[in-house]
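One structure is given below, encoded as structure tokens.
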Amino acid sequence: MQGMRALIGTLGLVEAERFLAAVSRDGFDYTEWRRHGLPRMDVDELANAANRLTQEWDSRAQ
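The opening position of the sequence shown corresponds to residue 1 in full-length UniProt numbering, with each subsequent residue numbered one higher.
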């Protein structure tokens with residue numbers, strides 16, 4: 001539960017759900033992605049980058 005609270009608290013409910021959907025897809029190796037696929041950022045920097053990207057995607061969809 002602590003992990004879920006951290007995800008929701010940092011990303012918000014909708015973005016946390018999107019994250020979980022992305023990492024739940026078949027063939028997705030979250031551990032490998034976490035080790036090699038993410039930039040070297042702390043959680044706040046990563047959340048801010050994810051939020052900016054989401055805003056960009058949302059603005060393109062309109």
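Backbone N, C-alpha and C define an ideal beta-carbon position, used for all residues, glycine too.
Supposed close pair residue i, residue j - CB separation, criterion 8 Å
i	j	result
Leu11	Ala50	7 Å
Leu46	Leu38	7 Å
Euclidean distance between Cα positions of residue i and residue j
i	j	result
Arg18	Arg35	20 Å
Asp42	Leu7	14 Å
Trp33	Arg40	12 Å
Met4	Asp44	16 Å
Arg25	Thr31	13 Å
Glu56	Asp29	26 Å
Ser59	Ala22	21 Å
For residue i, three-class secondary structure by DSSP
i	result
Arg40	coil
Gly12	coil
Asp58	helix
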